[in-house]
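**Q** Going by the numbering used here, the first residue of the sequence shown is number 3, and it counts up by one from there.
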Amino acid sequence: MNKNIKHDLVTKKVREKAGAISSNRFDYQKDWAICKIIELDEKGMEYAIIMEHHEDVVTVNPFSDPKEIHFFQIKTSNKNWTLQSLTKKESNLSIIGKMADSHKLFPYGDSFSFCSNSPYSLSLKDSDNKSQDFECLSINLINEDEIKKIKETLRDDGLSEIDIDNFLQKLILIRLKIDKSSHCAIAKAKLIDFIEKKYGSIPYRPGALYKTLFEEVKRKTNYEDSVGTYDELVDNKGITKSQFSAMIQVALANSIPKIIEIRNFLQNKLNFENAPLRLVASLLANLQSIYIDRQEQNIQVQKLLTEVVNTVGNLTSEELDLGLWVNIKKISGIIAHTDLKSKEYIYTSIGLSIYERLESSPSD
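#1: If you follow the alpha helix (DSSP H) that residue 337 is in, where does it begin and where does it stop?
#2: Using only CA atoms, which one of 31, 128, 135, 277 lies nearest to residue 223?
#3: Answer yes or no: do residue 182 and residue 84 have a C-beta to C-beta separation smaller than 8 Å?
#4: Leaving out five residues before and five after residue 211 in sequence, what residues of the same chain have Cβ atoms less than 6 Å from its Cβ?
#5: Among all the DSSP beta bridges, which residues are the ones paired with residue 240?
#6: If you draw a straight line from the C-alpha of residue 308 to the C-alpha of residue 348, how long is it?
#7: Assign residue 185 to buried or exposed, taking buried as 16 or more other Cβ atoms, counted over all protein chains shown, within 10 Å of its Cβ.
#8: Do the CB positions of residue 310 and residue 352 come within less than 8 Å of each other?
#9: Pull up the distance between the alpha-carbon of residue 177 and that of residue 304, whole angstroms please.
#10: Closest to residue 110 by C-alpha separation, out of 143, 316, 102, would be which residue?
#11: I'd like the list of long-range same chain contacts for residue 371, defined as Cβ closer than 7 Å, with 5 residues on each side in sequence excluded.
#12: Could you check which residue in 272, 234, 247, 362 has the C-alpha nearest to that of residue 301?
#13: Would you check if the distance between the CB atom of residue 166 and the CB atom of residue 173 is smaller than 8 Å?
#14: Excluding sequence positions up to five away, which residues of its chain have a Cβ less than 6 Å from the Cβ of residue 169?
#15: From the DSSP output, in three-state form, read off residue 167 for me.
#16: Could you please give me the residues that DSSP links to residue 63 through a beta bridge?
#17: Check whether the Cβ atoms of residue 95 and residue 14 sit closer than 8 Å, and answer yes or no.
#18: For residue 84, write down the residues that DSSP places opposite it in a beta bridge.
#19: For residue 208 and residue 201, I'd like the C-alpha separation in whole angstroms.
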């Protein structure tokens, strides 16, 4: 079977365009994604986790040349999941049928997991066991009569017998250990535990790191523009191992806090030179993004940041003396690739490069 994950993720038609809109209210899913990132990182995988593309969450490994791809649909419920609720039609397809539809597009997918905070009320082959007691259910554990009904639903959803059999062997029903009412606290606790195991007892602000990661997951989840390449897809809708590591490094740097020193330098200069208040207000957030982007593998963004550094490096001492805001405006007007990031991001990157030049060459 031809397995071209990078190509297929971009070219296969996405089933639900409305997913990103509805996910704005779905903080549970975002906190689950944070927990999943930590889980994959602890396993040492060179992963990418992609939000709201074909399914709620898709993971690939390794990121640069993926050999594995896993699909996850995340649902919360106040009731147990029954055969009826799993096979009930939603927008022409049942819940299970939607995952089977992803299997039809990616028949080589390694797993298709339906994940929920609530347990499953299904009849099992072994009548002495109760499905509610299982954290993970495969099709091999479910009663034949229930399997027949699931197959009937999938036939009605338009799947062939071969597609149905192949899909059901990869379907996993998972009961999550993340409670609906405390998902935020659980994600924060997992993040704190992860940092402690990896870095030991170091000073940092756990709340700030969690917020940075949550906002990044939210931004990637809500991105709705089309993408033309695999790198664009991961850059706009995914988080990689290197990006997660960069977020952590920024959080640790904040506690030192070099990034605050840079922000204060730029802020004082720009305020004195009457630069736009919007730029000044966005300095810290943009500095964090730039430090993260410097660790990323997006070629176009790297070209942009490199061009900024090189252009600043060519400034004469006399030009530097003209002022920070003057040079920011001048350089932003001559560099390329400015459509990749916001105007404030470009301005901040120029300001940062000027700061770094002055710091490395005090005589300038």
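Just so you know, even glycine gets a beta-carbon here, dropped at the ideal spot from N, CA and C. As the structure is a prediction and not an experimental result, all values here were calculated from the model.
**A** According to the data block:
#1: In the sequence shown, counting from the first residue as 1, residue 337 sits at position 335. From DSSP, residue 337 is part of no alpha helix (DSSP H); its letter is neither H nor E.
#2: The residue given as residue 223 occupies position 221 in the sequence shown. From the listed residues 31, 128, 135, 277, the smallest Cα separation to residue 223 is found for 31.
#3: Against the sequence shown, residue 182 aligns to sequence position 180. Against the sequence shown, residue 84 aligns to sequence position 82. The criterion of a C-beta distance shorter than 8 Å is not satisfied by residue 182 and residue 84.
#4: The residue labelled residue 211 in the question sits at position 209 within the sequence shown. Once the five neighbours on either side are set aside, the close Cβ partners of residue 211 are 253.
#5: Here the question's residue 240 lines up with position 238 in the sequence shown. Residue 240 is bridged to 52.
#6: For the purposes of this step, residue 308 is taken as the residue at position 306 of the sequence shown. For the purposes of this step, residue 348 is taken as the residue at position 346 of the sequence shown. C-alpha separation (whole angstroms): 12 Å.
#7: Sequence index remark: in the sequence shown, residue 185 carries index 183 (1-based). Per the 10 Å Cβ criterion, buried.
#8: As a first step, residue 310 is located in the sequence shown; it is residue number 308 there, counting from the start. As a first step, residue 352 is located in the sequence shown; it is residue number 350 there, counting from the start. A contact, by the Cβ cut-off of 8 Å.
#9: As a first step, residue 177 is located in the sequence shown; it is residue number 175 there, counting from the start. As a first step, residue 304 is located in the sequence shown; it is residue number 302 there, counting from the start. Computed Cα separation, rounded: 41 Å.
#10: Along the sequence shown, one-based indexing puts residue 110 at 108. Comparing Cα-Cα distances from residue 110 to each of 143, 316, 102, the minimum goes to 102.
#11: One cannot answer for residue 371 here, as it falls past the ends of the chain, which runs 3 to 366.
#12: Residue numbering aside, residue 301 sits at position 299 when the sequence shown is read from its first letter. The shortest C-alpha separation from residue 301 is found at 234.
#13: The sequence position of residue 166 within the sequence shown is 164, counting from 1. The sequence position of residue 173 within the sequence shown is 171, counting from 1. No.
#14: The residue given as residue 169 occupies position 167 in the sequence shown. Correct list, in chain order: 102, 105.
#15: Position 165 of the sequence shown holds residue 167. Helix.
#16: The residue labelled residue 63 in the question sits at position 61 within the sequence shown. Its beta-bridge partners are 70.
#17: Position 93 of the sequence shown, counted from the first residue, corresponds to residue 95. Position 12 of the sequence shown, counted from the first residue, corresponds to residue 14. No, Cβ-Cβ distance for residue 95 and residue 14 is not below 8 Å.
#18: Position 82 of the sequence shown, counted from the first residue, corresponds to residue 84. According to DSSP, residue 84 bridges with 123.
#19: Taking the first residue of the sequence shown as 1, we reach residue 208 at position 206. Taking the first residue of the sequence shown as 1, we reach residue 201 at position 199. Answer to the nearest angstrom: the Cα atoms are 13 Å apart.
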